[in-house]
Amino acid sequence: MIDVAAQLAENSGQVGSVCALDRPHINGGKSVSVLPVNDSSLSPRTRFEVFKRDEFTCKYCGRTSPEVVLEVDHIVPRCEGGSNDPINLTTACWDCNRGKGGVPLDQVMTGEDPHDRAVMLLERERQLREYNQVLAESRARREAQAGELCSYWANESRYSRLSQQDESWLIYQLDLTPAETIRKAMSVAIARSKVRDLRYVSAILNNWKNEGKL
């Protein structure tokens with residue numbers, strides 16, 4: 309019997325296992341083989357970039373990591389000539405991808421078998437690491453942009469350093485609004501001598517949003 313957990317651990321830096329795992333599950337007299345977690349023809353970088361592009365969300369049902377285990381799916385199957393070009397790749401959860409293949413999840417992986425649990429656990433842990441990496445990169449980017457905006461504000465307004473509350477607001481706002489848009493709002497506030505804090509900047513952004521300019 310193939311040790312699925314060992315295979316996945318050994319190939320944790322790759323995309324899926326090295327082959328289809330021929331460990332049949334019996335369902336109503338039918339033998340159904342467990343399929344690879346992901347297509348091994350895709351590089352880890354491609355797989356990761358597709359997940360990031362699709363925001364770690366299944367494009368079929370809308371569920372996200374870590375709620376579900378995700379896979380990279382070929383829109384046009386490889387057996388029908390589909391390529392590994394990102395335009396032909398999409399993010400799918402295990403349920404949707406297996407359902408799309410005509411084999412219900414409860415027939416392929418019941419969760420009762422220790423090997424099944426090992427597969428799901430190892431894949432979930434790998435995707436959690438990738439998801440946390442995206443969050444950390446996003447946070448670092450916003451903190452760097454917030455620092456640049458704080459410097460811009462201090463230099464242009466000739467006012468004292470922004471408060472911690474204002475800096476925290478900037479980091480939050482940068483998740484919603486491009487840095488250049490915030491800089492433009494800062495310029496308007498500075499031109500109108502509204503430089504005590506960023507409340508006027510916030511009001512400008514809210515007005516632009518209500519006016520459909522954002």
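So in the numbering used here, the last spot in the sequence shown is 522, and the numbers never skip. Just so it is clear, CB atoms sit at the ideal spot from N, CA and C, and this is done for glycine as well.
Just checking, does the region 478 to 490 make contact with the region 504 to 522 on the three C-beta pairs under 8 Å criterion?
-> yes
What residue range is occupied by the uninterrupted alpha helix (DSSP H) comprising Glu475?
-> Gln472 to Gln481
Please confirm whether Arg450 and Asp474 have their CB atoms less than 8 Å apart.
-> no
What are the start and end residues of the beta strand (DSSP E) that includes Leu397?
-> Leu397 to Cys401
For Ile512, count neighbouring Cβ atoms within 10 angstroms of its own Cβ and tell me buried if that reaches 16, exposed if not.
-> buried
Among residues of its own chain, excluding the 5 on either side of Val377, which ones have a beta-carbon nearer than 7 Å to its beta-carbon?
-> Cys401, Trp402, Met428, Glu431, Arg432 and Gln435
Endpoints, alpha helix (DSSP H) assigned at Val496 | Ala487 to Ala499
Under 8 Å Cβ to Cβ from Leu522, same chain only, skipping five residues before and after it: list those, please.
-> Thr485, Thr489, Leu513 and Trp516
Does DSSP put Glu379 in a helix, in a strand, or in coil?
-> strand
Endpoints, the alpha helix (DSSP H) within which Thr365 is located | Thr365 -> no alpha helix (DSSP H), and no H or E assigned at all.
Which residues does DSSP pair with Thr372 in a beta bridge?
-> Thr365
Would you mind giving the Cβ-Cβ distance between Tyr439 and Phe364, rounded to the nearest angstrom? I have them listed as a contact below 8 Å.
-> 5 Å
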